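Below is one structure, written out as structure tokens, with a few remarks after it.
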Amino acid sequence: MPSMVSWRLRGGAQRVRYRYVHQPNWGKIPVKAPPFAYVRATSLDQVFDLKAQHGDDARILAGGQSLMAMLNLRLDAPELLIDINGLDALKGIDEDGDAVVIGGLTRHVELERSALVATHLPLIAEAMPNIAHPAIRNRGTIGGSIALADPAAELPACVVALDAEIKLVSGAGERTVKAREFFHGLYDTARNDDELVAAVRVPKSPVSRRYFFSEITPRRGDFASAGLAATVEIDGDTMSDLTLVFFGLAGRPILAARTGDAASGAALTGDIDQIIGQVHAVLDEELETQADLHSSAKMKSHLARVLTKRALTQFAAGRS
Ligand SMILES: Cc1cc2nc3c(=O)[nH]c(=O)nc-3n(C[C@H](O)[C@H](O)[C@H](O)COP(=O)(O)OP(=O)(O)OC[C@H]3O[C@@H](n4cnc5c(N)ncnc54)[C@H](O)[C@@H]3O)c2cc1C
């Protein structure tokens, strides 16, 4: 017979009920997620009311591709999951003047297949196949990726590179935060716990703009050990407005603004290795990398140089 036990989390604030099952060979092991209540929300107001009632004991459930894994690993134990998958107000990819507006509940696969994204946001189109595997992209959402802010995730880096804005909504109203001010650190953002990522407004990329997206992973589909989302204007042979956003190197996407500024005005002709060397020199001074489980900080700095070289070589070759 299954039995129930209680467990007090570190800090003692929350009591979690662990259910045990008998396995003939393993003895008693916990079943997957701790018990939780579940509500499939039918309106944003209902979500706001539930968050107001339950506060930090409630979690928003979008694609579930990160949240359910955290519950199954027992890294989180909320009392209530508020499923937002029925909320049409958070769905869709639409043109709005000089921008594309992507609803927070838009799934990765929809971005990957969108003609609007392919035409106006080629950097995002290029990034999408790098996110995990098709099964995960079928469910995962842009709102979930941005709210979670995994430092190795692709979409946070892309929205920083493209200077997007993130629309947050809560019972108190709505506000907009620039992507470049949204990501504060490891899983830490400008979003308050009661706010939903409702939409992301991304300026359309001018046709003249070139882009580069690449990442280095242990295996295809894994989170990146290091990645780079980059864009540039090239007039004749001269670069301007070089935007380099690295991910997987530290707690959040890093916009290497000084390096981009230093490279502006450089001509992509002649000895490309010399230009790459000059850009590397500024990058080495600017970039602060952090070790993770897979790579040392030194290795990450090396990978950042490799990616920068690839980007500049691609820009010089006129490919994008
Ligand atoms: C094996 C595996 C490999 C993966 N590899 C990658 C990868 O390479 N790159 C990558 O970027 N991701 C990867 N992911 C994560 C995947 O992209 C997730 O889909 C994404 O991180 C979270 O989106 P979600 O919709 O599934 O969010 P959920 O798992 O539902 O939620 C994640 C968190 O965000 C909160 N949340 C969700 N939506 C909102 C919202 N609209 N407003 C406010 N809060 C919200 C939830 O409360 C929760 O705390 C991987 C996942 C798995 C399981």
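733 is the number of the first residue of the sequence shown in my numbering; add one for each residue after it.
The C-beta atom is built at its ideal place from N, Cα and C for all residues, glycine as well.
In this text, all values refer to a predicted model and were calculated from it rather than measured experimentally.
Membership of Ser877 in any beta strand (DSSP E) is not indicated; the residue belongs instead to the alpha helix (DSSP H) covering 874 to 880.
Ligand 1 has a heavy atom closer than 7 Å to the beta-carbon of Val929. Annotated three-state conformation of Leu793 is strand, per DSSP.
Where Lys823 is concerned, there is no enclosing alpha helix (DSSP H), because DSSP gives it neither an H nor an E.
Going by DSSP, Arg772 is part of no alpha helix (DSSP H) but of the beta strand (DSSP E) stretching over 769 to 772.
Residue environment: Ser846 is assigned as buried (16 or more neighbouring CB atoms within 10 Å of its CB, all protein chains considered). Asp788 and Asn804 have their C-alpha atoms spaced approximately 19 Å apart. Distances from the CB of Ile863 to the heavy atoms of ligand 1 include at least one below 7 Å. For Leu1035, the uninterrupted alpha helix (DSSP H) segment begins and ends at 1029 to 1048. Going by DSSP, His916 is part of the beta strand (DSSP E) stretching over 915 to 917.
A check of alpha carbon separations from Tyr770 across Asp815, Val891, Leu807, Phe1047 identifies Asp815 as the nearest.
Look at Arg952 here: in three-state DSSP terms it is coil, with no helix or strand label.
A residue is called buried when at least 16 other Cβ atoms come within 10 angstroms of its Cβ; Lys764 does not meet this threshold and is exposed. Just measuring C-alpha positions, the residue of Gly917, Asn862, Leu918, Leu853 sitting nearest Ala896 is Leu853. Closer than 7 Å to some heavy atom of ligand 1: that describes the Cβ of Ala801. About 6 Å separates the beta carbon of Ala889 from that of Gly959, a gap short enough to meet the 8 Å contact definition.
Between the region 967 to 986 and the region 996 to 1003, the count of Cβ pairs shorter than 8 Å is three or higher; the stretches touch. The residues Gly959, Leu960, Leu1039, Arg1042, Ala1043, in chain order, have a CB closer than 8 Å to that of Ser946 in the same chain once the five nearest residues on each side in sequence are set aside.
Taking C-beta atoms as the reference points, Leu819 and Leu837 count as a pair closer than 8 Å. For Val892, no beta strand (DSSP E) run applies; the uninterrupted alpha helix (DSSP H) run containing it begins and ends at 886 to 893, by DSSP.
When distances are taken from the beta-carbon of Asp926 to the heavy atoms of ligand 1, even the shortest one reaches 7 Å or more.
Annotation for Ala1043 indicates a beta carbon at 7 Å or more from all heavy atoms of ligand 1. At least 8 Å separates the beta-carbon of Val909 from that of Ala893. The residues Glu886, Glu947, in chain order, have a CB closer than 7 Å to that of Asn862 in the same chain once the five nearest residues on each side in sequence are set aside.
For Asp993, DSSP records no beta bridge to any residue.
Here Lys783 carries a helix assignment [DSSP, helix/strand/coil].
When the Cα atoms are used, Thr991 and Val964 turn out to be separated by approximately 13 Å.
Taking C-beta atoms as the reference points, Ala988 and Leu1019 count as a pair closer than 8 Å.
Straight across, the Cα-Cα distance linking Gly980 with Leu776 is about 33 Å. For the pair Tyr919 and Ile878, the Cα-to-Cα distance works out to about 10 Å.
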